[in-house]
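Numbering (the numbering used here), first residue to last: 320 to 691.
Note that CB positions come from ideal geometry on N, CA and C, so glycine has one too.
Treat the numbers as computed from the prediction; the structure is a model and nothing was measured.
The structure appears below as structure tokens.
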Ligand SMILES: Cc1cc2nc3c(=O)[nH]c(=O)nc-3n(C[C@H](O)[C@H](O)[C@H](O)COP(=O)(O)O)c2cc1C
């Protein structure tokens, strides 16, 4: 029934035991709870976990490969995943938030004159000037960081790295944010340069390691997404990224609009349908033969099986559907599809939990705890 989902695949040079990946997801939980979640996901049968937001330098806010504690955490995670025959991928990212702008707005946030949503808007406004005025010395340091992070990721036990094509790669890519007049701005080729050099830095640091690229696509009609690659510029970006060393693409909608657009609830007016971002995979397919991973609203195994069997995508990444039921793949294997706790895309406790600083959870958590 789910032959394609359960069949192995060569994903950019890495053999995966089936087609289901855990999409990058920030948890905002304690280390203990985070490791427990990853253990459940790995033991639940997915082929690979993509660990969200692994920074390409030291960080005060995120677990960094560049300090001993963070490195040990990722080593432990790799051991947990590998013990369950699950591969591990590090999503390498550089934030494009201007820390100085953040500090400027902190008093207003603390005194509640500014809501977190208003702060996000202000920070989004600061992205353009930050990217546009960034000195080349700083650009080079960040690019070097991608290579160093990839090497550390391999040493910690990761099987693959994903270059996060949103965040800084995405804002450099976007004509809406990037108004530079040097070789990093202007034409599509120039705006692709930062991302291409980030990929090259990874390729040089870890030759032979597969490189996934989270390709964030933005569309104009109707307008969704502000960072990332415009649909009509995919013909430029995709071949350049492939030549630089990308071995697979993870395709989705670009960020820097409402979070509910990239993590759309079932009630979303435009992206409420199953497989809401797969049309971007069809567009990317025109410019590459590399494996493509779809993501976004892939909560119906029958639908996912059809998309994989038709060859539209080679892998299916899931965030919320696997938060709802980490055992999804095991249940498909064991003929228990009817017992899967199906994600209803309510966003109440996953995105809602993260935004409320209560951590990424799911409305099914209590029910699953009772079953255990
Ligand atoms: C709570 C939460 C946190 C997320 N964190 C990240 C992240 O750190 N990096 C990233 O690229 N995407 C992140 N995403 C987006 C997911 O990877 C995915 O693209 C999105 O949720 C749509 O897929 P889904 O319908 O399977 O949930 C996050 C999603 C959720 C729900």
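* Would you tell me roughly how many angstroms separate the C-alpha atoms of residue 664 and residue 456, rounded to the nearest one? => Spanning the two alpha carbons is a distance of roughly 43 Å.
* Give every residue of the same chain whose Cβ lies closer than 6 Å to the Cβ of residue 477, excluding the five residues on either side of it in the sequence, and list them in chain order. => Cβ neighbours of residue 477 beyond the five flanking positions: 407 and 409.
* To do: Go ahead and pull the three-state DSSP assignment for residue 487.
  => In the structure shown, residue 487 sits in a helix (DSSP, three-state: H, G or I).
* Asked: Can you find a heavy atom of ligand 1 that lies under 6 Å from the Cβ of residue 669?
  -> Yes; taking the cut-off as 6 Å, the Cβ of residue 669 has a heavy atom of ligand 1 nearer than that.
* To do: Measure the Cβ-Cβ separation of residue 569 and residue 486 and say whether it is below 7 Å.
  => Their beta carbons are not under 7 Å apart, which means residue 569 does not touch residue 486 by this criterion.
* Output the residue ranges of the beta strand (DSSP E) runs that lie fully inside the segment 508-574 and measure 3 residues or longer, sorted by chain position. => DSSP assignment within the segment 508-574 yields the following whole beta strand (DSSP E) runs of 3 residues or more, N-terminal first: 530-539 and 567-572.
* Cβ pair count under 8 Å reaching 3, the segment 383-396 against the segment 504-515 -> Flag = no, the segment 383-396 and the segment 504-515 do not touch.
* From this set, 344, 415, 404 and 644, which residue's C-alpha is nearest residue 545's C-alpha? -> It is 415 whose Cα lies nearest to the Cα of residue 545.
* To do: State the DSSP-derived secondary structure class of residue 612, mapped to helix, strand or coil.
  => If DSSP states are grouped into helix, strand and coil, residue 612 belongs with the strands.
* Between residue 668 and the rest of its own chain, which residues show a CB-CB distance below 6 Å, the 5 nearest in sequence each way excluded? -> The residues are 680, 681 and 682.
* Just mark residue 382 as buried or exposed, buried being the case when its beta carbon has 16 or more other beta carbons within 10 Å. => So residue 382 ends up on the buried side.
* Do you know whose CA, among 336, 491 and 560, lies nearest residue 609's CA? -> Checked all of 336, 491 and 560; the closest Cα to residue 609 is 560.
* Beta carbon of residue 342, beta carbon of residue 638: below 7 Å? -> In this structure, residue 638 lies closer than 7 Å to residue 342 by Cβ.
* Asked: Per DSSP, residue 681 forms a beta bridge with which residues?
  -> Beta-bridge annotation (DSSP): residue 681 is not paired with any residue.
* Do the segment 414-432 and the segment 454-471 touch if we need at least three Cβ pairs shorter than 8 Å? -> Touching, no.
* **Top-ranked residue by Cα proximity to residue 553, from 565, 534 and 567** => Minimum Cα distance to residue 553 is reached at 534.
* **Stretch-stretch touch, CB-based, cutoff 8 Å, three pairs: the segment 367-376 with the segment 332-346** => Result yes; three or more Cβ-Cβ pairs closer than 8 Å.
* For ligand 1, any of its heavy atoms closer than 6 Å to the Cβ of residue 435? -> For residue 435, the CB stays at least 6 Å from every heavy atom of ligand 1.
* Quick one: is residue 453 buried, meaning 16 or more other Cβ sit within 10 Å of its Cβ, or exposed? -> It is buried - the Cβ of residue 453 has at least 16 other Cβ atoms within 10 Å.
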